[in-house]
Amino acid sequence: MGLEDVEKLESLDQAKLHLTAVYAINSLFWIYLTTQGIDPKDHPIKNELDRIRSYMNRVKEIEDKRKAAKVDKAAAKRIVKSALWEPAKQDKKMPGKRKQQDRAGPQNKKKRD
């Protein structure tokens with residue numbers, strides 16, 4: 001993969017590629033230290049590997065956020081509107097029909113004297 005190919009990648013993919021390469025190189029150095037009889041846990045390479053891992057986790061979080069479901073507000077509004085019940089509109093041409101409140105009105109009130 002040449003430099004031109006890397007430049008064509010998205011920035012997130014570039015970051016993943018660079019982090020993978022750096023992690024591999026540092027892991028090889030960890031192995032080299034081990035073969036030389038040096039404990040790599042006490043060496044600064046451990047801090048470097050931890051730092052690279054934290055960056056890899058940050059890239060993973062960003063990638064997961066991109067993959068998360070996104071809400072289509074217009075579609076959600078249409079779904080909710082179609083799911084809600086709407087009462088039938090009363091015909092203005094039928095004056096004989098009264099609202100339920102008008103029918104129950106004065107008969108239910110108590111007289112005060």
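Residue numbers (full-length UniProt numbering): 1 to 113. Yeah, the Cβ is synthetic: ideal placement off N, Cα and C, and Gly gets one too. What you are looking at is a predicted structure, and each value in this text was computed from that prediction instead of being measured.
- The C-alpha of Pro40 lies about 56 Å from the C-alpha of Ala74.
- In this structure, Val59 lies near Leu19, with their beta-carbon atoms less than 9 Å apart.
- In summary, Ile62 is exposed, with fewer than 16 beta-carbon neighbours lying within 10 Å of its beta-carbon over all protein chains present.
- Taking C-beta atoms as the reference points, Leu3 and Leu9 fail to come closer than 9 Å.
- With respect to the C-alpha of Glu48, the residue from Phe29, Gln14, Trp85, Lys81 having the closest C-alpha is Phe29.
- For the 9 Å CB-CB criterion, Tyr32 and Arg53 do not form a contact.
- The beta carbons of Asn26 and Ile38 sit no closer together than 9 Å.
- Under the three-state reduction of DSSP, His43 is assigned to coil, being neither helix nor strand.
- Residue range 3 to 8 is occupied by the alpha helix (DSSP H) that includes Asp5.
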